[in-house]
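What follows is one structure encoded as structure tokens, with my remarks underneath.
In UniProt numbering, the protein residues as written are 1 to 310.
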């Protein structure tokens, strides 16, 4: 009986697969042999100019050195602690390493795995449709961005590099991918959640509205030191002022005005560390006077600027 059981026994495995490899200047040709939708790859190079075509959800992380990615004609310098997320909505991008020994980690993830976790987060009571996940959950706008890795994510990515270089695999690669997706979603929840708050029936409408709201948010981020009005920001978003206000608050939980004020108060603390006076800071941040600045500062920080210790 025992013999019969042993002969039929199969190794415990997952339905998916993940390749783990290390790439240097000496073995770049192995890239063409990658078959899996999931791949963990460490890279070591001192000079590189290449075109990359993202597969699924792609993460680029640098442990030491500097990798520069050109995306939509904009450079993204990825150095220690930063990562870049891209997906198949980006057909191609260029990567450059110039005369700097650079150790990096590149991870490709099957979008269905990301969809699965998003489905669990935003439809926790749906227990029946785990085998019928739609790609609509993964909106390209959510996953083309640069971010700073939290400590748990940074630790895991450093482990990926060590595992790839040493080829010491003590766990199935797919379990590492599961852990990565969980940390990625946690790190990006503040960016992802607003998308699902948008109350639009059609998927195409929700995506377009979110794209426009993000344009407005980007304009607000760029206007901390300028006098851009909310009306002008709404125009940039191609929305009416009222609709921009309503959608922005629906997404981010605060009005555009209060979001901008909070960003300016945050910047005021950084300026104070540089030795500027509060009066100078109020002027730089476009407050009408010191009293108006002090009032906003106290509402956000709980104390007036004169009693705040940076």
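The C-beta atom is built at its ideal place from N, Cα and C for all residues, glycine as well.
As the structure is a computational prediction, the values presented were derived from the model and not from experiment.
By DSSP, does residue 239 sit in helix, in strand, or in coil?
coil
I'd like the span of the beta strand (DSSP E) that includes residue 22, first residue to last.
Unbroken beta strand (DSSP E) run through residue 22: 18-24.
Proximal residues to residue 158 (C-beta, below 7 Å), its chain only, five neighbours per side dropped
63
Do residue 93 and residue 121 count as a contact pair if the criterion is CB distance below 7 Å?
no
Are the region 47-66 and the region 90-108 touching, with three or more C-beta to C-beta distances below 8 Å?
yes
Taking the runs of the alpha helix (DSSP H) that are 4 residues or longer, which of them lie wholly in the region 31-74?
none
For the alpha helix (DSSP H) containing residue 295, name the first residue and the last one.
290-301
May I ask you to report which of helix, strand or coil DSSP gives residue 213?
Of the three classes helix, strand and coil, the one that applies to residue 213 here is helix, per DSSP.
If you check the beta carbons only, do residue 45 and residue 102 fall under 7 Å apart?
yes
Distance, residue 289 Cα to residue 52 Cα
50 Å
Beta-carbon within less than 7 Å of residue 54's beta-carbon, same chain only, minus the 5 sequence neighbours each way: which residues are those?
86, 87, 88 and 90
Just to confirm the assignment: which complete alpha helix (DSSP H) runs, minimum length 4, are found wholly within the region 142-207?
At a cut-off of 4 residues, the continuous stretches assigned as alpha helix (DSSP H) that sit fully inside the region 142-207 are 151-166 and 173-197.
In the DSSP assignment, the beta strand (DSSP E) including residue 317 goes from what residue to what residue?
Because the chain in this structure spans residues 1 to 310, residue 317 falls outside the shown range and cannot be described.
Under a Cβ-count criterion, where at least 16 other Cβ atoms within 10 Å of its own Cβ denotes burial, should residue 28 be classed as buried or exposed?
Under this definition residue 28 is an exposed residue.
Here's a check: name, in chain order, each residue in its chain whose Cβ is nearer than 6 Å to the Cβ of residue 49, leaving out the five neighbours to either side.
Excluding residues up to 5 positions away in sequence, 96 lie with their Cβ nearer than 6 Å to the Cβ of residue 49 in the same chain.
I'd like to know if the region 177-186 and the region 223-243 are in contact, where contact means that at least 3 CB-CB pairs between them fall below 8 Å.
no
Helix, strand or coil at residue 76 [DSSP, three-state]:
strand
For residue 231, does the three-state DSSP call read helix, strand or coil?
helix
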